[in-house]
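Residue numbers (the numbering used here), protein chains in the order written: chain A, 110 to 287; chain B, 110 to 287; chain C, 110 to 287; chain D, 110 to 287. We put the beta carbon where it would ideally sit given N, CA and C, even for glycine. Because the structure is a prediction, the values reported are computed rather than measured. One structure is given below, encoded as C-alpha cells.
Protein chains: 4
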Amino acid sequence: MSDAAPEWAIAHWLNTHAPITLASLRGRAVLAVAFQMLCPGCVSQGLPQAQRARAMFAEGDLAVIGLHTVFEHHEAQGSAAALSAFLHEYRIHFPVGIDAQDAHGPITMRAYGMRGTPTTLLYDRAGRLRLHEFGHVEDMRLGAAIMAVLGDGRATAGGGGGGDGEAAAEVCRPEGCT
Amino acid sequence: MSDAAPEWAIAHWLNTHAPITLASLRGRAVLAVAFQMLCPGCVSQGLPQAQRARAMFAEGDLAVIGLHTVFEHHEAQGSAAALSAFLHEYRIHFPVGIDAQDAHGPITMRAYGMRGTPTTLLYDRAGRLRLHEFGHVEDMRLGAAIMAVLGDGRATAGGGGGGDGEAAAEVCRPEGCT
Amino acid sequence: MSDAAPEWAIAHWLNTHAPITLASLRGRAVLAVAFQMLCPGCVSQGLPQAQRARAMFAEGDLAVIGLHTVFEHHEAQGSAAALSAFLHEYRIHFPVGIDAQDAHGPITMRAYGMRGTPTTLLYDRAGRLRLHEFGHVEDMRLGAAIMAVLGDGRATAGGGGGGDGEAAAEVCRPEGCT
Amino acid sequence: MSDAAPEWAIAHWLNTHAPITLASLRGRAVLAVAFQMLCPGCVSQGLPQAQRARAMFAEGDLAVIGLHTVFEHHEAQGSAAALSAFLHEYRIHFPVGIDAQDAHGPITMRAYGMRGTPTTLLYDRAGRLRLHEFGHVEDMRLGAAIMAVLGDGRATAGGGGGGDGEAAAEVCRPEGCT
C-alpha cells in the first residue's frame, strides 16, 4: 500500500475547464468510475452510483471522476461528441476523461489491468489505490470504503483521532448526533 | 458527544439466548433499528437495510439490533408470538428486543425522543450515539457512517492511524487493494 | 370452462358494509388475491399489484378482493384485529374476506387447491375461474388477462365486437387513440 | 377509428432481413416504440418494456418494432453503426427502423405528431392506431391495451366471441384455467 497508483492517460477531458491528473488531486480521496457509454451495467448502476457519491460527499474531500475506457464499438462511442451528448442526456456533471488509445486499446484500462466496465477505483488522499473492483459494488460497501479512505487520510494528515470525529460528523445531520 | 446514550428498556428479547444491554456491547459499534412489524417503511426499507449491514460488517465490529417500539396496534403487533412469527417469515436473525411499555407507551422510544418508525440509531464503540435519524437513510450514507464510527472507535482504542488502515482493508477485496 | 367456480367460505369481511359472495359479483370480472399478512411475497408484490389493478380498472368492470387464507402463525395473523391493523397501515381499501377455518385449515384455500400465498384468481363476468396462479404474475400478463376476461364477458353479454371496442377504449387516453 | 394510420418512413432497418411496412403487418397487432439510444427514459423503461412484450405475446399475434426517431444529437446517435452497437449491447433483437430525416427532422415522428421519446404506438390487426402515448405506460395498462386490440382484431376477423376466448387462453397457464 506504499506507492501511488499509475497516472491516468487521458486523450480528452469533458466537464472540466482544465485537464486533471491523479497527482493534482492529492489531498482528496478520489472515486474514479471506468465506463463505456453503451455498457448497460454502467448506465444502470455504475454511473448513477457515482452521481450519488458526488451528491453525498463534499467536493473538498472526495473527487469523483469518470474514465471513458472504450474497448469496443469505437465508431459508436469513441468520439468526444458522442460522449458529450451522452453526458448531457444523463445529466452527468463530474469530469470525465477519455482514456487514450494506442495500438493495443485504452492505455489506462490496461495499466490498471481492468477486466471490463464498470470498474470502480478508489484512491486515498495520498493517491494510493485502495479499492479496485469490476462490476457492481453495493452502495453500503462503497460508502464504507469512501469513509475509510477519508478517515485514513485525515489521520495521516492530522495525526490523531480528531479528524475521524469530523469525518463521522459529516454523515450525521445536526439533529441526529450527540 | 461525551456521554453514553440511554440504556435500552427491553421487556423481552428474541433471536438471542440472553438479554443484551447497550453497555454489554461496549467495544463494538452498534446499529439499532427501531421498527414496528406493521410499519410499511420498516418492512420495505429499514429492516432489509439492517440485514444488509449485518451481512456486510463483521459481528466483532458491528452489532445489529432490532428494537420493536410498538406505539400503535398493540393487539396486532404487541405480542412476542406475533413478532416471532414476523421475524421467522422475514428471515431476520439478528437480536430483537421488545421495547418495554409503561402507561405512556414504549419507554426506550420516549427516552430517545424518537419521532416514529423506522428510526436508525448508530453508536460508536464507546456507546455514544452518533447518528439518530427518522425515516430512510441511504445505504451509501449509512455505510459511511458505520465506517466513521468504526474508524473512530479504533483510533480511540489504538491511539493512531493504524487502526483506520485496517478498517479500510475490511471493505476491500484481496484482488482489489494494493 | 363451463361451470362456475366454488363459492368462497368467509368467516369475516373487512372493508365492506355487507358480506360479499362470488355469485353476487356476476356481471363483473373478479380479481381475488389470496394472501397472508406476514407473507413477504404478498406484502411486496401480490397486494401492491392488486392495488394497481384496483386503480386501473373501473369498479363496475372489475371487482378486486383479498382473501386472507391463514394456514400458519394463526396466533399472529389469525385475528380480525390483526388483519384490520395491517390493512390500515398498508392502505388497502378493497374488501378482504378472512377464509373460514375448519379442522383441516382454511376452507376456500383447500377448495381451490391453492399451493400457498400469494395466489391470484381471476374470474370472468360469468363467475368462471380463468386464471389461477401461485406466486408472482407479471403486471403485463395480469393486465392482459384482465382485459381478456373483460372482453370475453362483454362479447358474451353483448353478442358482438362492439363491446370489445369499448374495452379497448378504456385503456386509451383521449389524446392517444384515433 | 376508421382509417389506417400513416405508414412509417424508414431510412434503414436493423434486426431484419427485409424492410418492414406497417401495411405488411396487417393481421397482427403491432407495438411500436419510438426511442432514441441516448434517451434515459427509453433505455430504462421504454425498451425493456418492449422486450417484455416481445417475450410475453406470440409473434404471430403481436409484432414489436422499434422506431429510432433521432431529433437531437445526430452526430452521436444518427448513424446505423451507433444504433447497431447499442442494440447489440442492450440485447434488443426485435426489428428497429431508423426514422427517415428530411430538412425538418424525422419524418415519421412528425407524421404522428409525437411529442418526444419514448412514445408508445399500438395498432390493431387492421393497422389502426389504438394507443399513442408519450412517456411511460404502466405494464398492466399496456398488457390490457395489447389484449384489447388482440381481442378486437379477432372479433373483427372471426366475427364472434370465440376468438376472445382464445385470446384469454393465451395468458393462462394450463394448470391455471378451467
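From residue i to residue j, what does the alpha carbon distance come to, in whole angstroms?
i	j	result
arginine 239 of chain B	proline 115 of chain B	13 Å
arginine 135 of chain C	alanine 138 of chain D	31 Å
phenylalanine 243 of chain D	arginine 200 of chain C	30 Å
histidine 177 of chain B	glycine 155 of chain C	26 Å
threonine 125 of chain C	glycine 222 of chain C	26 Å
proline 157 of chain C	threonine 229 of chain C	13 Å
alanine 127 of chain C	glycine 225 of chain C	27 Å
alanine 190 of chain B	alanine 194 of chain A	58 Å
aspartate 208 of chain C	histidine 241 of chain C	17 Å
proline 215 of chain B	valine 258 of chain B	27 Å
glutamate 168 of chain B	glutamate 168 of chain C	52 Å
glycine 206 of chain D	glutamate 198 of chain D	17 Å
Are residue i and residue j closer than 9 Å when you measure CB to CB?
i	j	result
threonine 217 of chain A	isoleucine 119 of chain A	yes
serine 188 of chain B	alanine 185 of chain C	yes
glycine 75 of chain C	alanine 162 of chain C	This structure cannot speak to residue 75 of chain C, because chain C is shown only from 110 to 287.
alanine 132 of chain C	alanine 159 of chain C	no
aspartate 170 of chain A	methionine 249 of chain B	no
glycine 175 of chain B	histidine 245 of chain B	no
alanine 141 of chain C	leucine 196 of chain C	no
leucine 143 of chain B	proline 227 of chain B	The sequence given here has alanine at residue 143 of chain B, not leucine. In this structure, proline 227 of chain B lies closer than 9 Å to alanine 143 of chain B by Cβ.
tryptophan 117 of chain B	proline 204 of chain B	no
methionine 256 of chain B	methionine 146 of chain A	no
Relative to the C-alpha of residue i, which residue among the options is closest?
i	options	result
glutamate 181 of chain D	D/His213, D/Glu198 and D/Gly244	D/His213
leucine 192 of chain A	A/Arg219, A/Leu231 and A/Cys148	A/Cys148
alanine 164 of chain B	B/Pro215, B/Ala194 and B/His202	B/His202
arginine 219 of chain C	C/Ile255, C/Ala194 and C/Val179	C/Val179
aspartate 211 of chain A	A/Leu259, A/Phe166 and A/His183	A/His183
arginine 234 of chain A	A/Ala194, A/Arg224 and A/Gly260	A/Gly260
alanine 254 of chain B	A/His241, A/Ile207 and A/Phe166	A/Phe166
Exercise for the section: Can you check the stretch 140-202 of chain D for any beta strand (DSSP E) of at least 3 residues that lies completely inside it and give the ranges in chain order? Expected result: 171-177
Practice task
At 4 residues or longer, and completely inside the stretch 199-238 of chain C: list those alpha helix (DSSP H) runs for me, N to C.
Solution key: 216-220
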